[in-house]
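One point on numbering: in the working numbering, the residue at position 72 of the sequence shown is 639, and numbering is uninterrupted. Yeah, the Cβ is synthetic: ideal placement off N, Cα and C, and Gly gets one too. Since we're looking at a predicted model, the values are computed, not measured. Here is the structure we will look at, set down as structure tokens.
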Amino acid sequence: MAAASAGSARAQLPPNPLPISLEARSSDFDRKNDRLVFRDVTIQQGELSIRADLAEATRLDFENSRWVFTGDVRIDFDEATVESESATLQFEGHQLRHAEIVGEPAQFAQKVREDGVQAMGEAHRLEYDFESGIVTLSENAHLSEGANDITGDWLRYDMREERIVAGSDEESDRVQIIITPPREDSAKDAGQER
568 MAAASAGSAR AQLPPNPLPI SLEARSSDFD RKNDRLVFRD VTIQQGELSI
618 RADLAEATRL DFENSRWVFT GDVRIDFDEA TVESESATLQ FEGHQLRHAE
668 IVGEPAQFAQ KVREDGVQAM GEAHRLEYDF ESGIVTLSEN AHLSEGANDI
718 TGDWLRYDMR EERIVAGSDE ESDRVQIIIT PPREDSAKDA GQER
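Here is the structure:
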């Protein structure tokens, strides 16, 4: 299941932070308790977009702040999308560095080939390190690319190196990989298109 990348620079952080735009239906700033609350919020920075029903933050300046998003969370970046019930995001130096995403399940999709094929994954927990480009799926992890599937207790997907490492926490649980050969008629059709 090696993913054919649409670009090798994927998920790399820019050397200089881009401007950050925040829009919300409403905001509440509690200076005494250092708490910010935004409803129906969208945050954008370059190709990064974060949307949620509610966001709570420790600081507004994104220099070194922790944001908790809840309700219909959607994160779009570098031809990838993550959807979940909640996400905790850590900003450092005005850039998103780390995301912890929880859902029943949390889901992500990334375009991996020019023909539109996507790598799609889901798990109860996703962690994404924006600096390394590695997403870790845990607790009933599943990843598919086209008709091929891999399942395990946890999966580590390196978006830049196009590498998947899978494992199980219990000896009785095993990693399962299903490779589905193309149908004969679709293989013929693909050959005729060339």
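Kindly indicate which residue of V608, Y724, D628, D725 has the alpha-carbon position closest to the one of Q657.
-> Counting from 1 along the sequence shown, the entry for residue 657 is found at position 90. Distance from the Cα of Q657 is smallest, within the candidate group V608, Y724, D628, D725, for D628.
Touching or not, the stretch 717-735 and the stretch 698-709, by the rule of three or more beta carbon pairs under 8 Å?
-> Yes: at least three Cβ pairs fall under 8 Å.
Ordered list of beta strand (DSSP E) runs contained in the stretch 607-693, each at least 3 residues | Counting whole runs of 3 or more residues, the stretch 607-693 contains the beta strand (DSSP E) stretches 615-624, 631-644, 647-659, 662-678.
Cα-Cα separation, I744 to S632 | Against the sequence shown, residue 744 aligns to sequence position 177. Against the sequence shown, residue 632 aligns to sequence position 65. Between the alpha carbons of I744 and S632 lies a distance of about 39 Å.
Start and end of the beta strand (DSSP E) containing D595?
-> Taking the sequence shown and counting its residues from 1, the one referred to as residue 595 is at position 28. Looking at the DSSP string, the run of the beta strand (DSSP E) that includes D595 is 588-597.
On the three-state DSSP scale, how would you describe E751?
-> Here residue 751 corresponds to residue number 184 of the sequence shown, with the count starting at 1. DSSP places E751 in helix when its eight states are reduced to three.
Rank L710, A714, R730 by C-alpha distance to the C-alpha of V742 and give the top, closest one.
-> The residue given as residue 742 occupies position 175 in the sequence shown. Distances from the alpha-carbon of V742 to those of L710, A714, R730 put L710 closest.
Measuring CA to CA, which of H661, V702, L621 is closest to A673?
-> Within the sequence shown, the letter at position 106 stands for residue 673. For the residues H661, V702, L621, the minimum Cα distance to A673 belongs to V702.
Closest residue to T637 among L585, F605, D725, I746 (Cα-Cα distance) | Residue numbering aside, residue 637 sits at position 70 when the sequence shown is read from its first letter. Closest by alpha carbon: F605.
Straight-line CA distance for D597 to A690?
-> Residue 597 sits at position 30 when you count from the first residue of the sequence shown. Residue 690 sits at position 123 when you count from the first residue of the sequence shown. Roughly 34 Å between the two C-alpha positions.
Determine the extent of the beta strand (DSSP E) in which V732 is found, giving its start and end residues.
-> Taking the sequence shown and counting its residues from 1, the one referred to as residue 732 is at position 165. Note, V732: beta strand (DSSP E), 730-734.
Return the bridge partner residues of I701 from the DSSP annotation.
-> Within the sequence shown, residue 701 is the residue found at index 134, counting from 1. Per DSSP, D696, D725.
Opposite L603 in the DSSP bridges: which residues?
-> Within the sequence shown, numbered from 1, the residue matching residue 603 stands at position 36. For L603, which the question treats as bridged, DSSP gives the partners F596, A624.
Taking D682 as the reference, which of I610, E623, V608, G713 has the closest Cα?
-> As a position in the sequence shown, residue 682 is number 115, starting the count at 1. Nearest to D682 by C-alpha distance, out of I610, E623, V608, G713, is G713.
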